[in-house]
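K.L.:
Structure provided below as structure tokens; questions to follow.
Chains as they are written, first to last, in our numbering: chain F, 1 to 14; chain R, 15 to 278.
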């Protein structure tokens, strides 16, 4: 099964 | 003071309409160079970053850099109320940084409509990303294709399943999916050049084969915006989200960063 990654795994909040 | 004018049906209006299915609220930064917007979709799978250089507008003025949160859906609703031929002005004054004023002026200048839209807090939509030229070099493969072809691929695959696997190597760029009712595989033999022709699929950067699995719902949203432009540029990396980019004039862009699915 595939899990959906979130964008926060790649870019941190400012 | 910040003020821009554009004709009804301009590219900014078209793009705002096209991003609505993913984005409710966006953070907008204005400078003398142009208008940039960042937004996250509600599921935090997609980060949208766009820049409209000042020269794409009919007129543009920004005395001091400013940042504001805009409820995009409300703004699009207001813009839809304009009539053909209207000139649209979007304005924020230093004295009143709580709302923006949108004005429609009829072509014969006999009718003016003013509307105020309250600004909202969109600071959570700001993400820290590297300078683009640093980031682009980290993509393992970058290819360009006609945006109509990209949309067609996404539509064809979504008949079968919710996910797409995009694979890129030196010989082929493929979009494939497998579902309960069957499977679809669309393969493109790429040209290899730094100057992509508008009608072809072109591999512009290749540092090794790469494949990513993505949810087609988000890909279809990216494709929707891309069809406002001739070509779309797609970057794949195992360390970065998928990048879908359309160029606006010389310096402008719309970039979607889409987090992939991974196998547990």
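Positions of the beta carbon are idealized from the N, C-alpha and C atoms, including for glycine.
Mind checking if residue 156 (chain R) is an interface residue toward chain F, Cβ cutoff 8 Å exclusive?
P.N.:
It does not: the Cβ of residue 156 (chain R) has no partner Cβ on chain F nearer than 8 Å.
K.L.:
Buried or exposed, going by whether 16 or more other CB atoms sit within 10 Å of the CB of residue 118 (chain R)?
P.N.:
Buried, because 16 or more other Cβ atoms sit within 10 Å of the Cβ of residue 118 (chain R).
K.L.:
Could you say which of R:90, R:159, R:54 lies nearest to residue 41 (chain R) if we only look at CA atoms?
P.N.:
Closest option to residue 41 (chain R), Cα to Cα, is R:54.
K.L.:
Measure the C-alpha to C-alpha separation of residue 241 (chain R) and residue 268 (chain R) and round it to an integer number of angstroms.
P.N.:
Taking the straight line joining both Cα atoms gives about 12 Å.
K.L.:
Using a beta-carbon distance below 8 Å, is residue 140 (chain R) in contact with chain F?
P.N.:
By this cut-off, residue 140 (chain R) is an interface position.
K.L.:
Please compile the residues from chain F whose C-beta is within a distance smaller than 9 Å of the C-beta of residue 255 (chain R).
P.N.:
Within 9 Å Cβ-Cβ: 5, 7, 9, 10, 11.
K.L.:
Which partner residues of residue 102 (chain R) appear in the DSSP bridge assignment?
P.N.:
Looking at the DSSP assignment, residue 102 (chain R) forms a beta bridge with R:20, R:118.
K.L.:
Sorted by chain position, which residues of the same chain lie with C-beta nearer than 6 Å to residue 130 (chain R)'s C-beta, five sequence neighbours on each side aside?
P.N.:
Excluding sequence neighbours, residue 130 (chain R) sits near 113, 115.
K.L.:
What do you reckon, are the CB atoms on residue 52 (chain R) and residue 147 (chain R) nearer than 8 Å?
P.N.:
In this structure, residue 147 (chain R) does not lie closer than 8 Å to residue 52 (chain R) by Cβ.
K.L.:
Taking 7 Å as the line, does the beta carbon of residue 4 (chain F) fall inside it for any heavy atom of the ligand MN?
P.N.:
The ligand content of the structure shown is nil, which means the ligand MN is not present either.
K.L.:
Are there three or more Cβ pairs, one per stretch, closer than 8 Å when the region 69-84 of chain R is compared with the region 118-127 of chain R?
P.N.:
No, because fewer than three Cβ pairs between the region 69-84 of chain R and the region 118-127 of chain R fall closer than 8 Å, the two stretches do not touch.
K.L.:
So with Cβ pairs under 8 Å, would you call residue 136 (chain R) a contact of chain F?
P.N.:
No, its Cβ sits nowhere closer than 8 Å to a Cβ of chain F.
K.L.:
How many Å lie between residue 1 (chain F) and residue 195 (chain R) at the Cα?
P.N.:
About 18 Å.
K.L.:
Applying a beta-carbon distance threshold of less than 8 Å, which residues of chain F neighbour residue 54 (chain R)?
P.N.:
Those within 8 Å of residue 54 (chain R) in chain F are 7.
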